Amino acid sequence: MTVLDRGSVEDQLKAAPTSNEKVLSFVRSVAELATPDRIEWVTGDRAQRQEIANALVAAGTLIKLDKQKDSYYAASDPDDVARVEDRTYICTHGESGAGPLNNWMDPQEMKGILNDLFTGSMKGRTMYVIPFVMGHVDAKQPMFGIEVTDSPYVVLSMLVMARCGTTALKAIEKLDADFVECVHSVGAPLAEGEDDVPWPCNTTKYITHFPEDRAIWSFGSGYGGNALLGKKCYALRIASAIAHDEGWLAEHMLIIKLTNPEGESKFIAAAFPSACGKTNLAMIEPTIPGWKAETLGDDIAWMRFGEDGRLYAVNPEFGLFGVAPGTGYSTNPTAMRAIEAGGNVFTNVALTDDGDVWWEGMTDEAPAHLTDWRGNDWTPESDTPAAHPNSRFCTPIENVPTLAPEWENPDGVPISAILFGGRRKTTMPLITQTTDWNHGVFMGTVLSSETTAAATGKVGVVRRDPMAMRPFIGYNVGDYFQHWLNIGATEGAQLPEIFYVNWFRRDEDNSFLWPGFSENSRVLKWIFERVSGTAEAVETPLGYAPAEGALDIDGLDITPEQVQKALAIKPEEWDTELESIEAWYAELGDAVPAALRSEVDELRERLGLA
Ligand code: GTP
Ligand code: SPV
Ligand code: MN
Numbered sequence: 001m002t003v004l005d006r007g008s009v010e011d012q013l014k015a016a017p018t019s020n021e022k023v024l025s026f027v028r029s030v031a032e033l034a035t036p037d038r039i040e041w042v043t044g045d046r047a048q049r050q051e052i053a054n055a056l057v058a059a060g061t062l063i064k065l066d067k068q069k070d071s072y073y074a075a076s077d078p079d080d081v082a083r084v085e086d087r088t089y090i091c092t093h094g095e096s097g098a099g100p101l102n103n104w105m106d107p108q109e110m111k112g113i114l115n116d117l118f119t120g121s122m123k124g125r126t127m128y129v130i131p132f133v134m135g136h137v138d139a140k141q142p143m144f145g146i147e148v149t150d151s152p153y154v155v156l157s158m159l160v161m162a163r164c165g166t167t168a169l170k171a172i173e174k175l176d177a178d179f180v181e182c183v184h185s186v187g188a189p190l191a192e193g194e195d196d197v198p199w200p201c202n203t204t205k206y207i208t209h210f211p212e213d214r215a216i217w218s219f220g221s222g223y224g225g226n227a228l229l230g231k232k233c234y235a236l237r238i239a240s241a242i243a244h245d246e247g248w249l250a251e252h253m254l255i256i257k258l259t260n261p262e263g264e265s266k267f268i269a270a271a272f273p274s275a276c277g278k279t280n281l282a283m284i285e286p287t288i289p290g291w292k293a294e295t296l297g298d299d300i301a302w303m304r305f306g307e308d309g310r311l312y313a314v315n316p317e318f319g320l321f322g323v324a325p326g327t328g329y330s331t332n333p334t335a336m337r338a339i340e341a342g343g344n345v346f347t348n349v350a351l352t353d354d355g356d357v358w359w360e361g362m363t364d365e366a367p368a369h370l371t372d373w374r375g376n377d378w379t380p381e382s383d384t385p386a387a388h389p390n391s392r393f394c395t396p397i398e399n400v401p402t403l404a405p406e407w408e409n410p411d412g413v414p415i416s417a418i419l420f421g422g423r424r425k426t427t428m429p430l431i432t433q434t435t436d437w438n439h440g441v442f443m444g445t446v447l448s449s450e451t452t453a454a455a456t457g458k459v460g461v462v463r464r465d466p467m468a469m470r471p472f473i474g475y476n477v478g479d480y481f482q483h484w485l486n487i488g489a490t491e492g493a494q495l496p497e498i499f500y501v502n503w504f505r506r507d508e509d510n511s512f513l514w515p516g517f518s519e520n521s522r523v524l525k526w527i528f529e530r531v532s533g534t535a536e537a538v539e540t541p542l543g544y545a546p547a548e549g550a551l552d553i554d555g556l557d558i559t560p561e562q563v564q565k566a567l568a569i570k571p572e573e574w575d576t577e578l579e580s581i582e583a584w585y586a587e588l589g590d591a592v593p594a595a596l597r598s599e600v601d602e603l604r605e606r607l608g609l610a
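Heads up, the sequence shown is in UniProt numbering, so the first residue is 1 and it goes up one at a time.
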């Protein structure tokens with residue numbers, strides 16, 4: 001470990017473990033602005049991680065969990081529990097670069113604001129320098145980043161979520177590679193002798209992106225998506241802008257490998273909005289005899305064309321940052337086993353009296369007494385949840401017992417099917433297959449979902465969330481739609497089939513029409529067999545749907561009538577839905593490519609609503 005004592009920035013940098021001028025000048029410029037007391041370079045060594053964890057325990061930020069292997073618990077400030085979309089900015093030269101869905105500010109103006117906010121913002125704290133690589137360091141085009149942060153909690157979490165430390169730094173040096181500059185401060189400088197709080201943060205928050213400079217500046221929050229800058233900020237917002245320039249896709253998608261009883265495998269990617277089931281599907285345990293599913297990624301996929309014209313996906317991350325509530329032995333036993341393997345950082349879940357964690361849905365019965373995420377006594381009679389709805393487990397992906405051997409292929413795996421889906425009580429059928437790429441892209445652009453606790457704001461409101469990327473597209477949504485169309489028009493492309501799913505449709509009594517979770521394997525089987533050309537389908541206004549008997553419900557405790565209800569396309573619902581889709585496209589205005597506008601007209605025609 002390299003620890004530098006108080007002194008001038010230049011003195012401190014003399015002990016830096018690199019002589020790479022680009023790295024040094026970046027670190028120097030932030031240190032001069034934010035004036036931390038010390039600079040510490042993150043190596044990725046276990047001893048350093050342990051020292052940081054111990055210090056966080058001593059500071060009261062973390063509790064070491066007696067009942068778990070090498071795992072820690074953090075409770076955040078109650079106002080710092082989720083992504084803050086209204087405080088998230090894309091700063092491009094000209095507002096049209098950010099488009100109608102992003103908050104925009106001129107880069108110069110934003111830099112002025114950030115300059116003021118970051119001046120002295122790390123006073124009294126240590127500035128950690130985290131070199132990292134998203135994806136494999138041996139990829140054809142390794143994607144580097146350096147995050148400087150004054151949050152040791154962020155360091156511990158980054159060590160789980162990304163490939164961090166000396167290996168990345170050495171590779172940057174060797175290749176003299178460019179890296180995305182990621183600057184993070186909790187925005188809580190300490191005066192001489194001032195006591196720290198367990199979760200320092202600031203009521204002013206800015207999550208800002210400069211796609212043209214490939215830079216990220218984040219101020220005021222310690223929460224995952226706002227502060228672990230390799231994740232949403234880099235791997236989606238900045239990477240989507242790079243991908244647009246270079247002809248590939250950076251998407252909010254899980255990746256799985258599915259193998260049929262004959263031993264044939266296919267890789268599938270799926271985009272669902274935040275807290276809509278990616279981690280669960282990524283770890284699915286199929287209920288149909290002979291079928292096997294393995295995990296490659298649960299949140300982000302980068303897809304590039306291979307020489308054979310197929311799209312190859314990699315998971316750029318190294319860990320899981322999963323929604324805790326609803327994750328249990330009955331719904332997602334694979335995740336529970338991954339957590340049991342240890343090395344976790346839990347945030348905003350509940351604590352048991354004997355030094356373990358608990359959250360709603362982990363077990364059928366709640367423990368008789370807990371400490372809730374706010375630090376209050378909690379019993380099953382309490383009328384607030386013990387764990388925050390967006391509480392998270394942060395767990396090394398290598399803990400996942402179903403991890404596919406291909407997960408570390410530097411250049412990824414060929415994708416046969418892409419799924420879009422959201423959380424809709426009505427209207428959207430359990431499964432449909434789109435008829436061609438443009439139709440699939442259209443269905444992606446009108447993806448809709450009820451909002452969840454993953455972002456601050458009202459929960460349960462239906463909003464359009466194109467490709468589950470609404471909060472993560474680092475440029476103009478119209479250009480993003482066109483980019484998807486262009487991908488489909490790429491010469492020699494061997495494109496995946498595109499499907500649309502909805503696990504969340506409800507019956508009149510508000511119960512789920514489809515059992516979901518591991519039973520989603522039945523839908524995956526149909527998708528697999530459609531791609532193989534063996535499953536039967538019928539044509540519907542939305543594309544192809546399973547023919548009678550084609551969806552395997554053998555052994556499932558559900559009536560064929562209920563399945564029909566889950567699959568139904570109801571004209572009275574689609575009347576309203578089409579209006580809403582037209583309003584969505586009207587809201588986006590000129591941004592929407594003509595090829596997609598005509599998809600709406602064709603859909604109206606097919607529904608007989610023209
Ligand atoms: P982010 O990490 O925020 O991007 O979320 P995610 O898309 O990975 O969602 P996750 O798999 O963590 O699921 C979110 C919530 O949806 C959890 O509470 C799950 O229990 C619930 N869920 C997931 N799959 C299903 C399903 O098939 N049916 C039902 N009813 N609920 C589900
Ligand atoms: C999401 O909100 O989609 C997440 C969690 O995966 S966060 O990393 O906070 O964005
Ligand atoms: Mn996500």
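Ideal Cβ placement from N, Cα and C applies to all residues, glycine included.
Note that the coordinates shown come from a computational prediction; the quantities given were computed from them, not determined experimentally.
Would you please state the rounded distance, in angstroms, between the beta carbons of Pro593 and Leu485? I believe it to be under 8 Å. The Cβ separation is near 6 Å, so the contact holds.
So is Asp196 buried or exposed if we call it buried at 16+ other beta carbons inside 10 Å? Counting Cβ neighbours within 10 Å, Asp196 comes out exposed, since fewer than 16 surround it.
If we ignore side chains and look at the alpha-carbon of each, how far apart do Gly247 and Gln141 end up? Their Cα atoms are separated by approximately 13 Å.
Just curious, the alpha helix (DSSP H) that Val160 is in, first and last residue? That run of the alpha helix (DSSP H) goes Pro152 to Met161.
Kindly examine ligand 1 and report whether one of its heavy atoms sits closer than 7 Å to the Cβ of Ala271. Taking 7 Å as the cut-off, one finds no heavy atom of ligand 1 near enough to the beta carbon of Ala271.
So, is Val461 buried or exposed, given that buried needs 16 or more other C-beta atoms within 10 angstroms? Val461 is exposed by the Cβ-count criterion.
Taking only three categories from DSSP, how would you classify Gly306? Coil at Gly306, not helix or strand.
In its own chain, which residues sit with a C-beta less than 7 Å from the C-beta of Pro78, not counting the 5 before and 5 after it? The residues are Arg374.
Taking 6 Å as the limit between beta carbons, can you name the residues of its chain near Tyr585, skipping five residues before and five after? Non-local beta-carbon contacts of Tyr585 in its own chain, meaning distances under 6 Å to residues more than five positions away in sequence, involve Val592 in chain order.
Bridge partners for Leu320 per DSSP, in chain order? Thr395.
Assuming Arg506 and Phe512 form a contact by the criterion Cβ under 8 Å, report the distance between their Cβ atoms to the nearest whole angstrom. Indeed they touch by this definition, with Cβ atoms about 6 Å apart.
Could you give the residue range of the beta strand (DSSP E) that holds Gly44? From DSSP, Gly44 is part of no beta strand (DSSP E); its letter is neither H nor E.
Do Ser121 and Ala228 come within 8 Å of each other at the CB atom, strictly closer than that value? The amino acid at residue 228 is misidentified as Ala; the sequence shows Leu. Their beta carbons are not under 8 Å apart, which means Leu228 does not touch Ser121 by this criterion.
Helix, strand or coil at His463 [DSSP, three-state]: For the sequence presented, residue 463 should be read as Arg rather than His. Three-state DSSP puts Arg463 in a strand.
When you compare each of Gly549, Leu588, Trp503 and Leu114 to Pro273 by their alpha carbons, which one comes out closest? The residue from Gly549, Leu588, Trp503 and Leu114 with its alpha-carbon nearest to that of Pro273 is Trp503.
Please work out which residues of its chain come closer than 6 Å, Cβ to Cβ, to Val129, disregarding the five sequence neighbours upstream and downstream, and give them in chain order. In its chain, beyond the 5 residues on either side, Val27, Trp41 and Val148 have a beta carbon closer than 6 Å to the beta carbon of Val129.
Please confirm whether any heavy atom of ligand 2 lies closer than 7 Å to the CB of Ser240. For ligand 2, not one heavy atom lies less than 7 Å from the Cβ of Ser240.
Using DSSP's beta-bridge definition, name the partner residues of Gln433. According to DSSP, Gln433 bridges with Phe499 and Tyr544.
Go ahead and label Thr88 buried or exposed: buried means 16 or more other beta carbons lie within 10 angstroms of its beta carbon, across all protein chains shown. Answer is buried; the Cβ neighbour count reaches 16.
Any heavy atom of ligand 2 within less than 6 Å of residue CB: hits in chain order: The set of residues with any CB-heavy atom separation to ligand 2 below 6 Å comprises, in chain order, Arg83, Gly224, Gly225, Lys231, Lys232, Ser274, Asp299, Phe321 and Ala454.
How is the alpha helix (DSSP H) around Tyr89 delimited, first residue to last? Unbroken run through Tyr89 is the beta strand (DSSP E), Thr88 to Ile90; no alpha helix (DSSP H).
Among Val155, Pro385 and Arg38, nearest to Gln48 - alpha-carbon criterion: Nearest of Val155, Pro385 and Arg38 to Gln48, Cα basis: Val155.
Let me make sure I understand the geometry here. Which of Ala350, Gly309 and Gly444 has the alpha-carbon closest to that of Glu491? Of the candidates Ala350, Gly309 and Gly444, the one whose C-alpha sits nearest the C-alpha of Glu491 is Gly309.
Ligand 1 and Val531: does any heavy atom of the ligand fall closer than 7 Å to the residue's C-beta? Answer for Val531: no, Cβ out of range of ligand 1.
The stretch 131–138 contacting the stretch 311–321, beta-carbon criterion three pairs below 8 Å: The answer is yes - the stretch 311–321 touches the stretch 131–138, with three or more Cβ pairs under 8 Å.
I want to check one thing, is the minimum distance from the CB of Lys278 to the heavy atoms of ligand 1 below 7 Å? Between ligand 1 and Lys278, a heavy atom-to-CB distance of less than 7 Å is present.
Suppose only complete runs of 4+ residues qualify. What are the alpha helix (DSSP H) ranges in the stretch 44–87, listed by chain order? Correct list: 46–59.
Residue from Leu13, Leu249, Lys205 and Asn438 whose Cα sits closest to the Cα of Met127: The shortest C-alpha separation from Met127 is found at Leu13.
C-beta contact flag for Leu419 and Ile268 at 8 Å: Yes, these two residues count as a Cβ contact at 8 Å.
Sorted by chain position, which residues of the same chain lie with C-beta nearer than 6 Å to Thr331's C-beta, five sequence neighbours on each side aside? Excluding sequence neighbours, Thr331 sits near Phe517.
8 Å is my cut-off, CB to CB: does Thr126 come that close to chain B? Structure shown: chain B not included; a single protein chain is present.
Of all the alpha helix (DSSP H) runs that stay within the bounds of the stretch 227–279, which reach a length of 4 or more residues? Segments of the alpha helix (DSSP H) lying fully in the stretch 227–279: 239–246.
Taking DSSP as the reference, what is the three-state secondary structure of His483? Looking at His483 - three-state DSSP - the assignment turns out to be helix.
Here's the rule: buried if 16 or more other CB atoms are within 10 angstroms of the residue's CB, otherwise exposed. What is Thr384? Classification for Thr384: exposed.
Quick one: what does DSSP say Asp601 is sitting in, helix, strand or coil? It is helical.
Rounded to the nearest angstrom, what separates Thr43 and Ala188 at their Cα positions? So the alpha carbons of these two residues sit roughly 25 Å apart.
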